[in-house]
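Residue numbers (this note's numbering), protein chains in the order written: chain A, 1013 to 1166; chain B, 1013 to 1166. Structure, as structure tokens:
There are 2 protein chains.
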Amino acid sequence: MSAGCELCATGPSPAWTEVASDERLRILRVLDAPDFPAFYRVVWRAHVAEFTDLSSAERLHCMEAVAGVEQVLREMLAPIKVNLASLGNVVPHLHWHVIARFADDSHFPQPIWGVRQRDPALPAVERLAQPMRMVDQSVQAMLAGLPARLVRIA
Amino acid sequence: MSAGCELCATGPSPAWTEVASDERLRILRVLDAPDFPAFYRVVWRAHVAEFTDLSSAERLHCMEAVAGVEQVLREMLAPIKVNLASLGNVVPHLHWHVIARFADDSHFPQPIWGVRQRDPALPAVERLAQPMRMVDQSVQAMLAGLPARLVRIA
């Protein structure tokens, strides 16, 4: 734990909701209904900055959780692309962005950190194929099943 | 192979140089001396768009290569942060950006796709602790040693 790190804090936040967790990581959903409603973050519990601060086994666990979120997004929302990123320039606590992108979203094909391309007529959350609480449930089920998948790889 | 895909093409490019490769992936270095000289791309050979188009074993191979590049960058250049991203909105052929970031680079702390923050006095390549050809050699050695590391995980 690092004092003052917003990703070490585990209390409620106006910026995200915690959807699932295990002993090593938490999965948050960013609360951005207007632009990017299908935006999750896989946050490593320990306060480390870089992906290579993890062991190989921890990296495997982390990325299978990231892949699991991506798979849920693809199956339930059929995005045109999923964007994955671990940046941490501002908050140097390892976290992976997993973002469903759509051709008519506010920034496509730019990254969400790039130049805004348009102002969609409807909030993005209203254009999704499923309510996000259903997607959250699938993310929870995915993470609960993750240990079994990791054993299969080994 | 997909006709017209710039990452399926394997010939020389003015935009990058190929540094290393194995049967599943290639590692390119982006030629951006002014702003981001320590910028590699891990490009999956097969023309697939998403990380979850790979099997679990393939994802492990891919991410251990990404981690290996990150580790080389950390050890040789001591960046303030490494940024990792798989976006593919413009070129939907799976590739991972691995970018060494420095506090005085043109965009920090913004992502490289964000708003430029400053114009450094010297080209970024002249501020690096090592010549990039030395870093390239370490990336080559890392990839050559990767199969042994993967066996250790399993």
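Using N, Cα and C, we set each Cβ at its ideal position, and we do this for glycine too.
- Look at the beta carbons and you see the stretch 1152 to 1163 of chain A not touching the stretch 1124 to 1137 of chain A: under three pairs across the two are nearer than 8 Å.
- Excluding residues up to 5 positions away in sequence, VAL1031 lie with their Cβ nearer than 6 Å to the Cβ of ASP1148/A in the same chain.
- Cα atoms of ALA1045/A and LEU1085/A: separation of roughly 16 Å, rounded to the nearest angstrom.
- No Cβ of chain B is located within less than 8 Å of the beta carbon of ALA1027/A.
- Of all alpha-carbon atoms in GLY1016/A, ASP1034/A, LEU1040/A and ARG1036/A, the one lying nearest the alpha-carbon of PRO1024/A is that of LEU1040/A.
- Between VAL1102/A and VAL1054/A, the C-beta spacing is not below 8 Å.
- In the structure shown, HIS1073/B falls within a helical segment according to DSSP collapsed to helix, strand and coil.
- Here VAL1163/A is exposed: its Cβ has fewer than 16 other Cβ atoms, across all protein chains shown, within 10 Å.
- If you check each beta-carbon in the stretch 1057 to 1079 of chain B against every beta-carbon of chain A, the ones closer than 8 Å belong to ALA1061, GLU1062, PHE1063, THR1064, SER1068, ALA1069, ARG1071, LEU1072, MET1075, GLU1076, VAL1078 and ALA1079.
- Between LEU1043/A and ALA1027/A, the beta carbon gap of about 6 Å places them in contact (Cβ cut-off 8 Å).
- Only exposed fits ARG1145/A, as fewer than 16 other CB atoms lie within 10 angstroms of its CB.
- The residues ALA1136, VAL1137, LEU1140 and MET1144, in chain order, have a CB closer than 7 Å to that of PRO1049/A in the same chain once the five nearest residues on each side in sequence are set aside.
- Within chain A, the residues placing a beta-carbon under 7 Å from that of GLY1100/B are LYS1093, ordered along the chain.
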